[in-house]
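Comments concern the structure below.
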Amino acid sequence: MSTALLIMAHGSRIAEANDAVHQIAARVQRMTKFDIVEVSFREQHLPNIQQGVDACVAKGADRILLVPYFLYMGAHVLEDLPEELDEARRRHPGIEMVLGKHLGVHDKLAEVVVERIAETLTEERWH
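Count along the sequence shown from 1, add 282, and you get the number used in our numbering.
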């Protein structure tokens with residue numbers, strides 16, 4: 283079985299802002315060794331989520347883990363992404379798909395915030 287990861291982000295009107303998600307996806311792929319890792323966006327940028335699913339299927343995925351790159355349990359995570367999953371399942375009935383967990387509250391995210399604080403304090407010479 284070939285399992286794909288589809289990283290789903292919100293998307294920005296500023297195209298360059300979306301580059302960060304592609305950089306994260308590349309790092310995730312290196313760290314996990316999944317052969318198929320795609321990026322998609324809920325709003326304001328392409329590929330949209332259905333196009334991302336299509337790309338995974340076109341690359342031979344039998345299973346797709348849809349990974350929400352969202353911090354909060356907001357409307358997108360609670361409502362929109364499950365609707366996208368339902369639509370994808372209707373469009374690709376032979377492909378197994380699961381919605382993964384959003385980023386949420388996690389010690390590693392707190393560690394990143396602490397690192398960014400330290401970087402800023404150092405840059406501003408507030409130490």
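Even glycine gets a Cβ: it sits at the ideal position worked out from N, Cα and C.
Backbone CA spacing between residue i and residue j [nearest angstrom]
i	j	result
His327	Thr404	35 Å
Ser322	Glu401	30 Å
Arg410	Val319	A question about residue 410 goes unanswered here, because the residues of the chain that appear run from 283 up to 409.
Ser294	Asp301	10 Å
Leu385	Arg407	31 Å
Ser284	Gly382	17 Å
Asp344	Ile377	5 Å
His374	Glu365	14 Å
Tyr354	His388	11 Å
Val396	Lys390	10 Å
Neighbourhood of residue i by C-beta distance below 8 Å, restricted to the same chain and skipping five residues each side
i	result
Ala297	His327
Ile306	Ile289, Tyr351
Rounded Cβ spacing between residue i and residue j (contact assumed at less than 8 Å)
i	j	result
Leu348	Met290	6 Å
Met379	Leu367	6 Å
Arg324	His292	5 Å
Beta-bridge partners of residue i, as assigned by DSSP
i	result
Glu378	Arg345
Pro350	Met290
Nonlocal neighbours in the same chain, by C-beta distance under 6 Å from residue i, ignoring five residues either side
i	result
Val359	Pro350, Phe352, His384
Gly334	Leu288, Glu320, Ser322
Residue i and residue j closer than 9 Å at C-beta
i	j	result
Lys341	Ala286	yes
Ala370	Ile399	no
Residue i at chain D interface by Cβ criterion, 9 Å
i	result
Met290	Of the protein chains in this structure there is only one, and it is not chain D.
Own chain residues within Cβ distance below 7 Å of residue i, not counting five before or after
i	result
Cys338	Ala286, Leu288, Ile318, Glu320, Ile346
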